[in-house]
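Each remark here refers to the structure printed beneath this line.
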Amino acid sequence: MSNVSIIGAGLHPFGRFPGKQAMDMGADAIRLALADAGIGWEQVQRGFAGSLEVSNPDAVVGKVGLTGIPFFGVFNGCATANTAVSMAADAIEHGAADIAIAVGFDKHPRGAFAGDPVALGLPGWYGETGLFLTTHFFGMKANRYLAVHDISATTLARVAAKNFRNGARNEKAWRRTPMTEDEILAAPYLNYPLTRFMYCAPNEGAGAVVLCRRDLATRYSDQPIHLAAWALRTRRRGAFEVQSPSLPVDGPPSPTVDASRAAFEMAGLGPEDVDVAQLQDTDAGSEIIHMAENGFCADGDQEKLIAEGWTEITGRLPVNTDGGLMANGEPIGASGLRQIHEIVLQLRGRAGDRQVPGRPRVGYTHLYGAPGTGAVTVLTV
Amino acid sequence: MTETETVPVAERVFTWPSDEPRLIASRHPATGELSFPAADPATGEEEVLLSRVGTLFTWTTQAFVPPSPPYTGDTDPATFEPYAVGYVELPEGLLVEGRLTESDPDRLRIGQPMELVVVPFRIDDGEPGRPDRQLVTFAFAPIAAPGAEVAR
Chain S
424 MSNVSIIGAG LHPFGRFPGK QAMDMGADAI RLALADAGIG WEQVQRGFAG SLEVSNPDAV
484 VGKVGLTGIP FFGVFNGCAT ANTAVSMAAD AIEHGAADIA IAVGFDKHPR GAFAGDPVAL
544 GLPGWYGETG LFLTTHFFGM KANRYLAVHD ISATTLARVA AKNFRNGARN EKAWRRTPMT
604 EDEILAAPYL NYPLTRFMYC APNEGAGAVV LCRRDLATRY SDQPIHLAAW ALRTRRRGAF
664 EVQSPSLPVD GPPSPTVDAS RAAFEMAGLG PEDVDVAQLQ DTDAGSEIIH MAENGFCADG
724 DQEKLIAEGW TEITGRLPVN TDGGLMANGE PIGASGLRQI HEIVLQLRGR AGDRQVPGRP
784 RVGYTHLYGA PGTGAVTVLT V
Chain D
86 MTETETVPVA ERVFTWPSDE PRLIASRHPA TGELSFPAAD PATGEEEVLL SRVGTLFTWT
146 TQAFVPPSPP YTGDTDPATF EPYAVGYVEL PEGLLVEGRL TESDPDRLRI GQPMELVVVP
206 FRIDDGEPGR PDRQLVTFAF APIAAPGAEV AR
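Take a look at the structure:
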């Protein structure tokens, strides 16, 4: 049983904020998290900051107070926020701090993420000839998954429509206009079978959480949330992953499967115990696949479950109640902190118009990113 | 009149020139595992020429201009031609990712037979005073004539 709780969560809205630096958004998120925890910055003993675009995210301390504490910059692609939270939790678990903070912020230019394939150990021709796009992986994985498990394009559209509908109820979301399934299906493909409205996009935003020794948490918060588990796993050799010029036919499962099992084991809980979940919805296909990879259903059951409203706010397992990546966009360093912020709201019963009914007690967050990293947390009241 | 020289986008990716080009992979001496592209010759891994024919494991389309760099193909939105990419399952038990010669979703189907071809990629006019060169790359083409493949 972990001895780590969350006593404060803060979120800067996600979107486009001309003239505002990522680090200032990060500082705002820290202040919101501290206010939520009812503590001052001088009480924070250690911190971890994640960002893609800001090369020294640890410099955020210059905005909130130069108290001399150990403060670390971290990065793990789209799983970065889980790394910041995991390292803060480890620091508390290992006795290095009673109170630690995890923060993430980013401000991405428009358009798909680019990079240098050679720097990542891939051949130059892979990028030159137009193969080095993570979106290809999402399109190809979804295309095969849908074909093998008999899932329709309508289900992709249902997921996207649900996330935009949830985003419309979230004042901090980026895209707040609901869309019909027909509009989503009729849009041009970006990467077949995924249309323009089935993808998230890089944008701007920040999030922060304050973690505390669980046995001290009630000194600060009347509603501390227990961080029951955290796990990050990298891909095993041969797994069907992004940026792979070749792969064996029968590889091991995704690192999401490994991270999920490890987290449930640490929490002493199973998928059936979860009341509300945040699953990485880089695209609508990813959300569908991640339902199964995280153990919430069998491969192929999604067609029926989603049609029956299983993942709606009123369903058996509400997924991405704040609109997920699709409605919020993806500032990489902050995305996973947004997920945790939403679960904290839901478990405290403070999610307003999008509150899951029936007092949810167990929440779950999942990130997936290049080059094949799955990262999970389990949170309980 | 001289013909434009055709040059592979990179060395040691496929056999060239050749009427029946093959992809160059390598085999790990201890595990027997195949990988494409071939490992650095310094590793001592044995080179293996892969089968030219396989089946389409999965595919997707690329409808927007890829970020450049690294992409060196046509990045002018007015003339950019969408393309498709896919993994082809080869009899060696290896999935190889490549461009496809067909990009119409109605003419692509998981499981259909595909073969390796070498296709023009772009004109290299990089060096002043040197004749332009035609860079070529590998791709997979549906084996049946276009149109014979029935939709999903």
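Residue numbers (this note's numbering), protein chains in the order written: chain S, 424 to 804; chain D, 86 to 237.
For every residue, glycine included, the Cβ atom is placed at its ideal position computed from N, Cα and C.
Exercise. Just tell me which of D:98, D:153, D:131 and D:181 has its CA closest to the CA of residue 661 of chain S.
Key: D:181
Quiz item: Given residue 555 of chain S, which residues of its chain have a CB within under 6 angstroms of its CB, disregarding the five upstream and five downstream residues?
Solution: Taken in chain order, the residues that qualify are 540 and 549.
Quiz item: At what residues does the beta strand (DSSP E) containing residue 614 of chain S begin and finish?
Solution: 612-614
Quiz item: Terminal residues of the continuous alpha helix (DSSP H) containing residue 678 of chain S?
Solution: 678-690
Exercise. Select from the segment 540-568 of chain S all residues with a C-beta closer than 9 angstroms to any C-beta belonging to chain D, and list them in chain order.
Key: 540, 541, 546, 547, 548, 549, 550, 551, 552, 553, 554, 555, 556, 558, 559, 560, 561, 562, 563, 564, 565, 566, 567 and 568
Quiz prompt | C-alpha distance - residue 501 of chain S paired with residue 565 of chain S, whole-angstrom precision | solution = Cα to Cα, the separation comes out at about 19 angstroms.
Exercise. From the DSSP output, read off the bridge partner residues of residue 672 of chain S.
Key: The partner list for residue 672 of chain S (beta bridge, DSSP) is empty, contrary to what the question assumes.
Quiz item: If we ignore side chains and look at the alpha-carbon of each, how far apart do residue 120 of chain D and residue 447 of chain S end up?
Solution: 46 angstroms
Practice problem: Rounded to whole angstroms, what's the CA-CA distance from residue 425 of chain S to residue 595 of chain S? Just pull it up for me. | Solution: 31 angstroms
Quiz item: Do you know offhand how far residue 102 of chain D's Cα is from residue 96 of chain D's?
Solution: 12 angstroms
Practice problem: Rounded to whole angstroms, what's the CA-CA distance from residue 676 of chain S to residue 684 of chain S? Just pull it up for me. | Solution: Roughly 12 angstroms separates the two Cα atoms.
Quiz item: Would residue 615 of chain S count as contacting chain D if we go by Cβ distances under 8 angstroms?
Solution: yes
Quiz item: Does the ligand NAD have a heavy atom nearer than 7 angstroms to the CB of residue 686 of chain S?
Solution: The ligand NAD is absent from the structure shown, which contains no ligand whatsoever.
Quiz item: Which residues in the same chain have their Cβ closer than 8 angstroms to the Cβ of residue 803 of chain S, if we skip the five residues on either side of it in sequence?
Solution: 648, 649, 651, 690, 692, 770, 784, 785 and 786
Quiz item: Shorter than 8 angstroms from the beta carbon of residue 98 of chain D to some beta carbon of chain S?
Solution: Answer yes: the Cβ-Cβ gap between residue 98 of chain D and chain S drops below 8 angstroms somewhere.
Quiz item: If residue 744 of chain S sits next to residue 736 of chain S, beta carbons under 8 angstroms apart, how far is it from one beta carbon to the other, in whole angstroms?
Solution: 6 angstroms
Quiz item: Would residue 637 of chain S pass as a contact of residue 428 of chain S if the rule is Cβ separation under 8 angstroms?
Solution: yes
Quiz item: Since residue 487 of chain S and residue 450 of chain S are thought to touch, with beta carbons under 8 angstroms apart, how far apart are those beta carbons, to the nearest angstrom?
Solution: 5 angstroms
Quiz item: Which residues share a DSSP beta bridge with residue 443 of chain S?
Solution: Paired residues: none, contrary to the question.
Quiz item: How about residue 514 of chain S and residue 523 of chain S: do their beta carbons lie closer than 8 angstroms?
Solution: At the C-beta level, residue 514 of chain S and residue 523 of chain S come within 8 angstroms of one another.
Practice problem: Identify which residue in S:681, S:499, S:610 and S:606 has its Cα closest to the Cα of residue 792 of chain S. | Solution: S:499
Self-check item: Residues in the segment 195-227 of chain D having any Cβ partner in chain S nearer than 7 angstroms
Solution: 195, 206 and 222
Quiz item: Going by alpha carbons, who is nearest to residue 130 of chain D out of D:190, D:113, D:106 and D:191?
Solution: D:113
Quiz item: For residue 237 of chain D, which residues of its own chain have a beta-carbon under 7 angstroms away from its beta-carbon, when the five flanking residues on both sides are left out?
Solution: The pLDDT assigned to residue 237 of chain D is 37, lower than 50, so where the model puts this residue is not dependable; a value taken from the coordinates is nonetheless given after this. Apart from the 5 residues on each side of it in sequence, residue 237 of chain D sits with its Cβ closer than 7 angstroms to the Cβ of 194 in its chain, given in chain order.
Exercise. Using alpha carbons as the reference points, say which of S:453, S:434, S:772 and S:749 lies closest to residue 602 of chain S.
Key: For the set S:453, S:434, S:772 and S:749, the Cα lying nearest the Cα of residue 602 of chain S is the one of S:749.
Quiz item: Mapping DSSP to helix, strand and coil, what is residue 111 of chain D?
Solution: strand
Exercise. Inspect the beta-carbon positions of residue 198 of chain D and residue 140 of chain D and report whether they are closer than 8 angstroms.
Key: yes
Self-check item: residue 530 of chain S, DSSP secondary structure in three states
Solution: strand
Quiz item: Along the chain, where does the alpha helix (DSSP H) that runs through residue 605 of chain S open and close?
Solution: 604-609
Practice problem: Round the Cβ separation of residue 713 of chain S and residue 703 of chain S to the nearest angstrom and send it over; I've been treating them as touching at under 8 angstroms. | Solution: 6 angstroms
Quiz item: Hey, residue 553 of chain S and residue 184 of chain D: beta-carbon distance below 8 angstroms or not?
Solution: yes
Quiz item: chain D beta carbons: is any one of them nearer than 8 angstroms to that of residue 787 of chain S?
Solution: For residue 787 of chain S, the answer is no, since every Cβ of chain D falls outside 8 angstroms of its Cβ.
Practice problem: Would you list the residues sitting across from residue 792 of chain S in a DSSP beta bridge? | Solution: In the DSSP secondary-structure assignment, residue 792 of chain S is bridged to S:796.
Quiz item: Taking the C-alpha atoms as reference points, what is the distance between residue 615 of chain S and residue 220 of chain D?
Solution: 27 angstroms
Quiz item: Got a sec, what are the start and stop residues for the beta strand (DSSP E) residue 769 of chain S sits in?
Solution: Unbroken run through residue 769 of chain S is the alpha helix (DSSP H), 755-771; no beta strand (DSSP E).
Self-check item: Start-to-end residues for the alpha helix (DSSP H) that takes in residue 560 of chain S
Solution: 557-572
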